[in-house]
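If you read the first sequence in UniProt numbering, its first letter stands for residue 1, the second for the next number, and so on. Notes for the one structure printed next.
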Amino acid sequence: MCCPIFSGVMFFNRWMSSWARASEDLFTDRNEINSETLSQAIRAAASEEPDADGSVLFGQLQGTVVGLRYYTGVVNQGEMVGLVREPQNPYDRNAVMVANIYGNQVGHIKRELAAAMAYVMDNKLAKVEGVVHYGTKNKFNMPVMLSFWGKEENKNTVVESMLRRGYKLNTGGIKSAEAFLCFQLKNAFDNLFEGLMESKDGEKEAAKSVATPLLLHQKQALSWMCSRENKCTLPPFWEKRGDLYYNTLTHFSAREVPERVRGGILADDMGLGKTLTTIALILTNFHNGKPLPVEMSVSVNNMKQCKCGEYTNQNASSITESPEDLSARTTLIICPLSVLSNWLDQFEQHVHANVKLNVYLYYGSERNRSKKFLSSQDVVITTYNVLSADFEVSRGSPLHGIHWLRVVLDEGHTIRNPNAQMSKAVLQLKAQRRWILSGTPIQNSVKDLWTLLAFLRLKPFDVREWWNRVIQRPAMQGDRAGLQNLQTLVKCITLRRTKTSEVNGRPLVSLPEKMVCVEQVELNQQEREEYELARNEGRSTIGRYVAEGTVLRNYADVLAILMRLRQHCCHPDLLAKISSDLGAAATPAELRERLVEKLRLVLASGSDEECSVCLDSVCLPVITHCAHVYCRPCIAKVISTQQGTARCPLCRSDIKETELVEVPLEEMEDESSTHAKKWRTSSKVQALMGNLLRLQSEDRSIKCLVVSQFTRFLSILETPLREHGFSFVRLDGTMSQKKRAQVIQDFQSSAANSPSIMLLSLKAGGVGLNLTAASHVFLMDPAWNPATEEQCIDRCHRLGQKRKVVVTKFIVKDSVEENMVRIQRKKQDLVEKAFGSANTDKKTSRIDDIKALLEL
DNA sequence: ACCGCCGGGTGCC
DNA sequence: ACCGCCGGGTGCC
1 MCCPIFSGVM
11 FFNRWMSSWA
21 RASEDLFTDR
31 NEINSETLSQ
41 AIRAAASEEP
51 DADGSVLFGQ
61 LQGTVVGLRY
71 YTGVVNQGEM
81 VGLVREPQNP
91 YDRNAVMVAN
101 IYGNQVGHIK
111 RELAAAMAYV
121 MDNKLAKVEG
131 VVHYGTKNKF
141 NMPVMLSFWG
151 KEENKNTVVE
161 SMLRRGYKLN
171 TGGIKSAEAF
181 LCFQLKNAFD
191 NLFEGLMESK
201 DGEKEAAKSV
211 ATPLLLHQKQ
221 ALSWMCSREN
231 KCTLPPFWEK
241 RGDLYYNTLT
251 HFSAREVPER
261 VRGGILADDM
271 GLGKTLTTIA
281 LILTNFHNGK
291 PLPVEMSVSV
301 NNMKQCKCGE
311 YTNQNASSIT
321 ESPEDLSART
331 TLIICPLSVL
341 SNWLDQFEQH
351 VHANVKLNVY
361 LYYGSERNRS
371 KKFLSSQDVV
381 ITTYNVLSAD
391 FEVSRGSPLH
401 GIHWLRVVLD
411 EGHTIRNPNA
421 QMSKAVLQLK
431 AQRRWILSGT
441 PIQNSVKDLW
451 TLLAFLRLKP
461 FDVREWWNRV
471 IQRPAMQGDR
481 AGLQNLQTLV
491 KCITLRRTKT
501 SEVNGRPLVS
511 LPEKMVCVEQ
521 VELNQQEREE
531 YELARNEGRS
541 TIGRYVAEGT
551 VLRNYADVLA
561 ILMRLRQHCC
571 HPDLLAKISS
581 DLGAAATPAE
591 LRERLVEKLR
601 LVLASGSDEE
611 CSVCLDSVCL
621 PVITHCAHVY
631 CRPCIAKVIS
641 TQQGTARCPL
651 CRSDIKETEL
661 VEVPLEEMED
671 ESSTHAKKWR
681 TSSKVQALMG
691 NLLRLQSEDR
701 SIKCLVVSQF
711 TRFLSILETP
721 LREHGFSFVR
731 LDGTMSQKKR
741 AQVIQDFQSS
751 AANSPSIMLL
761 SLKAGGVGLN
771 LTAASHVFLM
781 DPAWNPATEE
791 QCIDRCHRLG
801 QKRKVVVTKF
811 IVKDSVEENM
821 VRIQRKKQDL
831 VEKAFGSANT
841 DKKTSRIDDI
851 KALLEL
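Written out as structure tokens, the structure is:
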């Protein structure tokens with residue numbers, strides 16, 4: 001009865017339930033363990049295993065594992081073991097159990113030592129890890145090397161507490177592990193997915209029910225996905241040695257085949273057709289490698305109702321080492337709300353019209369919660385939010401009660417935080433096969449990967465301890481082998497191609513040509529005068545800061561001055577009346593008000609401000625008293641790491657958590673001021689209108705994107721568009737999902753009366769935004785970050801684009817806009833230098849950089 | 001015989 | 001466990 005998979009799950013479960021530290025009996029008969037405890041245990045493990053960040057090694061100690069003869073768990077030389085407190089043990093409440101990777105109990109820690117360890121473990125003063133270096137063949141007890149890890153501030157307490165009970169931690173020869181912040185290793189991780197691009201062998205034709213012919217690289221992906229689902233290849237780091245299976249990283253071995261991972265990560269760049277490939281997978285690879293049996297309607301070629309590729313049970317020769325539930329039919333797709341409609345469209349588009357595929361949208365208050373109904377569908381689509389809401393409300397969440405054939409996570413990086421409700425809900429779904437679709441599987445650090453691997457049930461790393469010990473901590477500390485292992489791991493389960501990848505020397509997708517041209521705009525006399533006035537004012541302000549040596553403290557002001565110049569280049573009415581400099585603030589309330597105002601200025605302009613800690617666009621923006629903008633979590637991390645002596649990473653001023661200021665929620669952009677005044681034009685507006693009118697006269701079917709970082713500029717542009725009778729829509733970040741979807745659908749429509757222009761805010765919409773109806777892009781103002789512009793252009797220059805794409809960038813001659821790209825590069829250098837060291841002699845060079853940046 | 005010594009039973013927590 | 005420890009049997013050499 002003990003089939004390999006099953007017993008594996010149960011050992012695993014036993015291990016997990018001990019983690020849960022619940023009152024569950026550790027010695028439960030294996031057969032009684034149900035999936036309910038398993039899921040509880042997974043949740044417990046995810047929340048209880050602390051993040052290994054900033055842990056240092058306190059010391060090591062040779063201990064003894066006793067009672068070996070009572071348990072079945074064996075260990076190999078060099079194997080890692082887990083130490084689990086067992087407060088419910090009837091013989092000793094200090095008991096510490098020793099278990100191997102699969103959770104098979106090996107023995108206990110000797111009583112006296114256990115008493116000393118129990119204090120340290122129960123008070124979470126240290127995490128204790130064990131490795132057995134020798135004596136693995138012993139009958140009664142064996143030595144174990146114990147390593148104590150924890151926060152620096154607990155080191156002395158732990159060392160002394162152990163010493164009091166007669167155990168001396170050996171601290172000699174341990175190099176103190178430095179605390180790393182995640183951004184320092186960002187580059188190493190950026191390269192993690194390199195080298196995954198080589199084409200994996202073979203290609204596979206999709207089932208007949210797929211209407212769209214697959215491109216070569218999509219056939220390759222399909223082939224890879226099918227083999228990941230069907231073949232019994234060993235997971236990474238497992239080898240067969242004799243009749244045992246051996247894990248080369250943990251040195252664990254087992255008689256049973258390690259549970260295979262049926263699925264993986266499809267990490268292709270967006271636009272390569274992850275959605276189509278997944279639809280093809282669903283239709284092509286049902287049980288035993290046969291296509292999904294679907295009904296064909298009677299309509300075309302007097303075809304009878306037939307089962308397209310009905311599956312038989314006999315052709316099991318190649319696979320089925322492990323039995324599977326052949327009655328499972330349904331694929332569950334979970335995606336962010338923003339791409340829900342895209343999935344529905346794509347099913348519509350890519351499945352043959354005469355095929356009856358049951359796709360159910362599990363969404364909205366009227367959703368059908370019947371398990372029987374849901375599990376009879378071919379596909380159920382829902383969102384992360386619906387899934388986690390169901391999960392939270394009741395234990396009887398219908399989606400959690402079904403054994404899915406396959407679960408697909410679209411934009412899978414959504415679950416990178418293991419503590420999020422969403423992630424917990426996703427991890428507990430029951431499925432035979434699991435897939436993650438993501439263009440960006442790693443966003444900031446290796447930590448992002450754990451939930452993904454846990455979802456895939458990649459043994460043994462789905463248990464946080466093994467992940468932390470074997471992969472995350474070594475990688476975070478820059479250990480080469482650690483990074484290498486991480487890469488190997490990822491490589492085995494991931495397929496990633498980028499738009500620039502090639503197959504047989506040919507690009508994966510051939511997109512229509514893209515032409516980028518810069519159109520210089522000359523300011524008229526009045527505009528030029530106003531611009532020069534502002535420029536001189538800014539120059540003198542910055543000159544003063546340079547003289548005072550306070551440039552870095554007034555960093556936000558420097559940016560604000562640049563901002564005003566950029567606004568001048570677009571339209572005079574963009575300039576908000578921003579008064580004052582920071583120095584004049586009299587009261588704390590006033591200072592706060594000023595800071596809020598500055599922050600708002602930086603944010604509302606859509607200037608794509610980057611956080612200097614994570615180097616990404618700021619999320620949850622806060623401003624420091626020295627007026628630098630960061631993500632709240634990033635700067636909070638810096639402050640907590642530096643413990644009371646925290647300094648601003650950009651200007652080294654003292655900063656405190658309590659002094660971080662954010663924009664009050666009710667602050668929304670005030671549109672009324674622009675409408676109050678009488679509308680006027682500008683040189684840039686004229687330049688745009690000239691182009692639009694010319695295009696319209698050439699070809700009425702051409703559609704355009706008009707892009708700006710300033711949403712107020714978009715508002716200004718509405719007036720002349722209306723005047724000339726253009727039909728247009730607008731998409732910006734403030735719009736609800738529903739409105740957005742409507743706007744996109746209208747714009748993408750090829751109907752004769754559909755809008756021909758979309759006013760688009762540069763940062764609006766996620767990466768998935770598909771605007772292929774447009775073939776002309778007008779970038780009204782240059783962005784700090786050229787990548788942002790590229791992304792924006794890619795929204796129409798992507799798979800599905802039929803026309804040649806023409807991009808026009810408007811740049812005002814003799815203005816700050818001409819320097820934007822150079823400034824961007826300088827800014828990046830500046831940030832790097834700021835983080836390079838806290839050394840003061842670097843300060844001068846940074847000020848020089850700013851001077852150069854402003855051509856002073 | 002309130003000890004020492006012998007040898008069998010026994011053995012995690 | 002080819003140990004240590006316990007506790008019963010035993011007792012000059």
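For each residue, glycine too, the CB sits at the ideal point set by N, CA and C.
- Length of the line joining the Cα atoms of E790 and V521: 21 angstroms
- Query: Are there 16 or more other CB atoms within 10 angstroms of the CB of S370, so buried, or fewer, so exposed?
  - Reply: exposed
- Query: Out of curiosity, what's the CA-to-CA distance linking P720 and R566?
  - Reply: 21 angstroms
- Proximity to R260 [Cα-Cα], best of C232, H287, D269 and V516: C232
- Task: Would you list the residues sitting across from G130 in a DSSP beta bridge?
- Result: V81 and L146
- Local conformation of Y531 per DSSP, three classes: helix
- Message: Let me confirm a value: W679 is counted as buried when at least 16 other C-beta atoms fall within 10 Å, else exposed. Which label applies?
- Response: exposed
- Name the residue from F778, V490 and R469 whose alpha carbon lies nearest to the alpha carbon of G130. R469
- Message: Counting C-beta neighbours from all protein chains within 10 Å, is the total for D448 16 or more, i.e. buried, or is it exposed?
- Response: buried
- Short Cβ contact (9 angstroms threshold) for A206 with Y102: no
- State the DSSP-derived secondary structure class of M296, mapped to helix, strand or coil. strand
- Query: Does the beta-carbon of C619 have 16 or more other beta-carbons within 10 angstroms, so that it is buried, or is it exposed?
  - Reply: exposed
- Query: Beta carbon of V408, beta carbon of I471: below 9 angstroms?
  - Reply: no
- DSSP-derived helix/strand/coil call for L495: strand
- Selection from Y360, V777, T681 and S540 that minimises the alpha carbon distance to L574: T681
- Would you mind reading off the limits of the alpha helix (DSSP H) that contains I282? K274 to T284
- Query: In angstroms, rounded to a whole number, what distance separates the CA positions of N358 and T330?
  - Reply: 9 angstroms
- Query: DSSP beta-bridge partners for D557?
  - Reply: In DSSP, D557 forms no bridge with anything.
- Assigned exposure category for E527 - 16 Cβ within 10 Å defines buried: buried
- Query: Mind checking Y134: buried by the 16 CB within 10 Å criterion, or exposed?
  - Reply: exposed
- Query: Helix, strand or coil: how does DSSP classify F347 here?
  - Reply: helix
- Message: With the cut-off set at 9 angstroms, would you say R111 and N94 are in Cβ contact?
- Response: yes
- Task: Using the Cα positions of L693 and I436, report the straight-line distance between them to the nearest angstrom.
- Result: 45 angstroms
- Query: Which of the three DSSP states, helix, strand or coil, is assigned to H287?
  - Reply: helix
- Express the C-alpha separation of E590 and E548 in angstroms, rounding to a whole number. 23 angstroms
- Taking the CB atoms as reference points, tell me whether V685 and V777 lie closer together than 9 angstroms. no
- Using the Cα positions of E537 and D557, report the straight-line distance between them to the nearest angstrom. 12 angstroms
- Of the listed residues E392, T157, W238 and L771, nearest to T488 (C-alpha basis): W238
- Local conformation of E239 per DSSP, three classes: strand
- Task: Use the C-beta contact count for S750: other C-beta atoms within 10 angstroms, 16 or more gives buried, fewer gives exposed.
- Result: exposed
- Minimum C-alpha distance to D410 - residue among W343, E818 and R457: W343
- For W435, which residues does DSSP report across the bridge? G264 and V408
- Segment limits, alpha helix (DSSP H) that includes G690: S683 to E698
- Express the C-alpha separation of S438 and V128 in angstroms, rounding to a whole number. 35 angstroms
- Task: Report buried or exposed for P90, applying the criterion of at least 16 other Cβ atoms within 10 angstroms of its Cβ.
- Result: exposed
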